[in-house]
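Below: the structure, in structure tokens.
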Amino acid sequence: MTLKNTWYESDSRFIPGHYQPATLIDLALSRDIDSHRLLRGTGLFHDDILAGQTRLSPQQFLALIDNSRRLLDADDSSFLFGQRLLPGHYGPASHALRHAQNLHQALDTLVQQQALLSPLAAPRLVMDDKHAYFYWLDSCGAAEQWRFLLEASMTSIVAMSRSQSGQRLPWECSFSHAEPRYVEQYWVHLGEDTQFKRPLDLMRIPREDLVRPWPNCSATVGQVARQEAQGQIDQLGFTASFVDCVYRYLQAHVREAPSLEQAAHAFAVSPATLKRKLQKHHTGFQQQVDLVRKHVALYLYQIKGFSNEEVAEYLSFNDAANFRRSFKRWTGSTPKLIRQLFGSGMG
Numbered sequence: 001m002t003l004k005n006t007w008y009e010s011d012s013r014f015i016p017g018h019y020q021p022a023t024l025i026d027l028a029l030s031r032d033i034d035s036h037r038l039l040r041g042t043g044l045f046h047d048d049i050l051a052g053q054t055r056l057s058p059q060q061f062l063a064l065i066d067n068s069r070r071l072l073d074a075d076d077s078s079f080l081f082g083q084r085l086l087p088g089h090y091g092p093a094s095h096a097l098r099h100a101q102n103l104h105q106a107l108d109t110l111v112q113q114q115a116l117l118s119p120l121a122a123p124r125l126v127m128d129d130k131h132a133y134f135y136w137l138d139s140c141g142a143a144e145q146w147r148f149l150l151e152a153s154m155t156s157i158v159a160m161s162r163s164q165s166g167q168r169l170p171w172e173c174s175f176s177h178a179e180p181r182y183v184e185q186y187w188v189h190l191g192e193d194t195q196f197k198r199p200l201d202l203m204r205i206p207r208e209d210l211v212r213p214w215p216n217c218s219a220t221v222g223q224v225a226r227q228e229a230q231g232q233i234d235q236l237g238f239t240a241s242f243v244d245c246v247y248r249y250l251q252a253h254v255r256e257a258p259s260l261e262q263a264a265h266a267f268a269v270s271p272a273t274l275k276r277k278l279q280k281h282h283t284g285f286q287q288q289v290d291l292v293r294k295h296v297a298l299y300l301y302q303i304k305g306f307s308n309e310e311v312a313e314y315l316s317f318n319d320a321a322n323f324r325r326s327f328k329r330w331t332g333s334t335p336k337l338i339r340q341l342f343g344s345g346m347g
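So in UniProt numbering the end of the sequence shown lands on 347, straight run, no missing numbers.
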């Protein structure tokens, strides 16, 4: 079975310039950054953004983020950007968020409307008996801009859920990087439960907070907005990036551990083309295989309660020692330490 070519790539121009990019541009301009310097090297002009017709590629958006980071040179830039992102002013998709009946519906909307609401970072939602976990995958090869995107994305969820629910929800955020020197920005914008050097960049919240009704929403307006937003997605002709599609394919076939040649066949391209497309997005086939295996292993430990042997067997490792070595390479920790970490709280 081959997969249809229904994805966007890092050079696909579909992101409306007057939506999220404009939010970042306005933040920079509010701090007296010159617009010509801000847009240098992006192929964009401020007048075109103001005219409301410009469409950016992910590459251009990432170049804008890079310029903004350097020119603003402030520890709070990503967090202030994140605070302004959601629900946003992005037409039907934003209306759908604004009229979500609860957090669960809002997060589902974000996942379903990824191309409109989170084109650079693919959101994912998983749950166990007690908690919901929300995390992102790098859709377009963000490279040095990934931490900025993560900080902004997590802040956008905390800010939106606080605004829509009328209270600060008990989000716990964890990051795989070490505690930065500007940790107080994390405390202010994400909460003092934020933790570092964890196996995954993710957010966690008790399941009961997913379904608490949000005030001031209209179920009818929300339903119509979701339908209209889906119509926009249908017009675009894709819901996810090429890298997201490769990840999903590998995740669906994780137990068979498909080769590069098998994956290329599934995408109806040559192995060389598949490698080239992944390289264009600053990743590689083995990187994606390892990422999927890491996520599946952590899911099996945390959500399913699997033992080391069960996880190794599920991932088709015949040798337990080989699995432990691979797991340490993926996560920086041994399976035993990961199990202790999950047992002690936030994973």
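No residue lacks a Cβ here, since even glycine has one placed at the ideal position from N, Cα and C.
In the structure shown, residue 66 falls within a helical segment according to DSSP collapsed to helix, strand and coil. Judged by DSSP in its simplified three-state form, residue 306 adopts coil rather than helix or strand. Only buried fits residue 277, as 16 or more other CB atoms lie within 10 angstroms of its CB. Non-local beta-carbon contacts of residue 128 in its own chain, meaning distances under 6 Å to residues more than five positions away in sequence, involve 303 in chain order. For residue 141 and residue 114, the gap between their C-alpha atoms comes out near 16 Å. The straight-line gap separating the alpha-carbon atoms of residue 36 and residue 81 is approximately 20 Å. For residue 60, the three-state secondary structure derived from DSSP is helix. Within its own chain, the residues whose Cβ lies closer than 8 Å to the Cβ of residue 250, once the five positions on either side in sequence are excluded, are 258, 263, 288, 289, 292, listed in chain order. Taking one beta carbon from each stretch, the stretch 218 to 228 and the stretch 114 to 124 have fewer than 3 pairs nearer than 8 Å; the two do not touch. The three-state reading of DSSP puts residue 138 in strand, counting E and B together. Rounded to whole angstroms, the gap between the alpha carbons of residue 139 and residue 338 is 26 Å. Of all C-beta pairs linking the stretch 4 to 21 to the stretch 55 to 75, three or more are shorter than 8 Å, placing the two stretches in contact. Using a 10 angstroms sphere on the CB of residue 201, the tally of other CB atoms reaches 16 or more, which defines it as buried. Per DSSP, the continuous beta strand (DSSP E) segment holding residue 124 begins and ends at 121 to 127. Excluding residues up to 5 positions away in sequence, 225, 228, 229, 232 lie with their Cβ nearer than 7 Å to the Cβ of residue 92 in the same chain. Runs of beta strand (DSSP E) with 3 or more residues, each lying fully within the stretch 155 to 236, are found at 172 to 174, 202 to 206, listed in chain order. By the criterion of a C-beta distance shorter than 6 Å, residue 23 is surrounded in its chain by 84, once the five residues flanking it on both sides are discounted.
Around the beta carbon of residue 68, 16 or more other beta carbons lie within 10 angstroms, which makes this residue buried. Non-local beta-carbon contacts of residue 107 in its own chain, meaning distances under 7 Å to residues more than five positions away in sequence, involve 125, 134 in chain order. Going by DSSP, residue 254 is part of no alpha helix (DSSP H) at all; its letter is neither H nor E.
Within the same chain, and ignoring the five residues on either side of residue 150 in sequence, the residues whose Cβ sits closer than 6 Å to its Cβ are 201. The distance from the Cβ of residue 52 to that of residue 104 is about 33 Å, inconsistent with a contact at the 8 Å cut-off. Leaving aside the five residues that flank residue 43 on each side, the residues in its chain whose CB is nearer than 7 Å to its CB run, in chain order, 60. Residue 194 and residue 153 have their C-alpha atoms some 14 Å from each other.
Secondary structure remark: continuous beta strand (DSSP E) runs of at least 3 residues inside the stretch 21 to 108: none found.
DSSP, read as helix, strand or coil, puts residue 132 in strand. With fewer than 16 other CB atoms across the displayed protein chains lying within 10 angstroms of its CB, residue 215 is exposed.
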